[in-house]
Amino acid sequence: MTKTFAMTSTQQWIGAALRSRWLAFIGILVLSLMASSAFAHAVTAGDKGYIQEISGVNLLPFMYLGAKHMMTGYDHILFLFGVIFFLYRPSHIGIYVSLFALGHSTTMILGVYFNFGMNSYLIDAIIGLSIVYKALDNIGAFQRWLGFQPNTKMATLVFGLFHGFGLSTKILEYEISPTGLIPNLLAFNVGVEMGQLMALAVILIGMSYWRRTASFVRNAYTANVAMMSAGFVLVGLQLTGYFVA
Numbered sequence: 002m003t004k005t006f007a008m009t010s011t012q013q014w015i016g017a018a019l020r021s022r023w024l025a026f027i028g029i030l031v032l033s034l035m036a037s038s039a040f041a042h043a044v045t046a047g048d049k050g051y052i053q054e055i056s057g058v059n060l061l062p063f064m065y066l067g068a069k070h071m072m073t074g075y076d077h078i079l080f081l082f083g084v085i086f087f088l089y090r091p092s093h094i095g096i097y098v099s100l101f102a103l104g105h106s107t108t109m110i111l112g113v114y115f116n117f118g119m120n121s122y123l124i125d126a127i128i129g130l131s132i133v134y135k136a137l138d139n140i141g142a143f144q145r146w147l148g149f150q151p152n153t154k155m156a157t158l159v160f161g162l163f164h165g166f167g168l169s170t171k172i173l174e175y176e177i178s179p180t181g182l183i184p185n186l187l188a189f190n191v192g193v194e195m196g197q198l199m200a201l202a203v204i205l206i207g208m209s210y211w212r213r214t215a216s217f218v219r220n221a222y223t224a225n226v227a228m229m230s231a232g233f234v235l236v237g238l239q240l241t242g243y244f245v246a
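Okay, so the sequence shown: first residue is 2 according to our numbering, each after it adds one.
Set out below in structure tokens:
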């Protein structure tokens with residue numbers, strides 16, 4: 002009986018390790034493919050050219066650009082996925098998503114208004130680290146390593162501020178006309194929030210189905226390891242771009 006139990010435990014450990022490596026590989030592959038076509042989800046030439054040609058208040062175009070940026074911003078979506086991974090109550094999800102939105106809205110608007118941008122590679126590397134942080138938090142690494150749990154709400158707000166700097170850096174690349182700047186920025190932010198809500202809806206629908214299956218408990222750890230691996234890949238890609246570009 003003891004021998005059988007030991008063999009079963011070993012087989013389970015091997016299976017978990019293989020699943021972890023397989024999902025990590027998938028995460029790395031997906032991020033690599035994304036990076037090859039839209040490295041750091043930079044501003045497209047068509048969008049930039051259009052924005053440079055218009056002036057004044059243009060609410061709908063900026064709302065569209067905000068939603069497009071969030072929906073194609075895989076780093077923002079990965080962080081959001083990590084934030085809500087173990088959140089079940091709608092009230093809790095609302096609090097954390099609101100903190101994230103407050104953070105990135107504040108630094109996005111202030112960064113553009115005061116013309117304060119950061120190097121896009123470095124800020125995206127920090128955003129990649131936010132994904133790594135959240136994955137480690139989800140698997141309880143800080144409790145084991147540090148002996149205490151960092152404040153998850155504060156961490157979500159702080160990383161939201163960094164994500165906002167990433168947004169402001171991208172907006173500054175548009176070289177927006179100062180005429181109608183504030184209304185256009187607010188419209189862009191509304192678009193970002195709309196895109197975030199659409200991405201969140203897709204994530205929650207997928208998570209609600211997954212949580213009803215036995216595989217969620219078995220693979221929750223593995224999924225966060227894959228997310229952490231994707232975050233590390235993103236950091237590596239951005240730092241490589243910083244030193245090579």
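For every residue, glycine included, the Cβ atom is placed at its ideal position computed from N, Cα and C.
Just so you know, these numbers come straight off a predicted model, no measurement behind them.
Span separating the alpha-carbon of Gly-253 from that of Phe-166: Past the edges of the chain, shown from 2 to 246, lies residue 253, and the structure says nothing about it.
Candidates Leu-79, Val-193, Arg-145 and Val-203, of which the one nearest Ala-227 by Cα: Leu-79
Proximity of Ser-169 and Val-113 at Cβ, strictly below 9 Å: yes
Coarse secondary structure for Tyr-89, derived from DSSP in three states: coil
Distance between Tyr-122 and Leu-34 (C-alpha atoms, nearest Å): Legend: pLDDT at Leu-34 = 43, less than 50; position of this residue unreliable, no value from coordinates given.
CA-to-CA distance, Ile-52 to Leu-61, given in whole angstroms: 12 Å
Segment contact flag, the region 156-164 with the region 116-131, C-beta cutoff 8 Å, min 3 pairs: yes
Exposure of Phe-189, with buried meaning 16 or more beta-carbon neighbours within 10 Å: buried
Endpoints, alpha helix (DSSP H) assigned at Phe-160: 153-175
Close-in-space but distant-in-sequence residues of the same chain around Val-236 (CB under 8 Å, 5 per side omitted): Ala-126, Gly-129, Leu-130 and Val-133
Phe-189, DSSP secondary structure in three states: helix
Three-state class that DSSP yields for Gln-144 in the structure shown: helix
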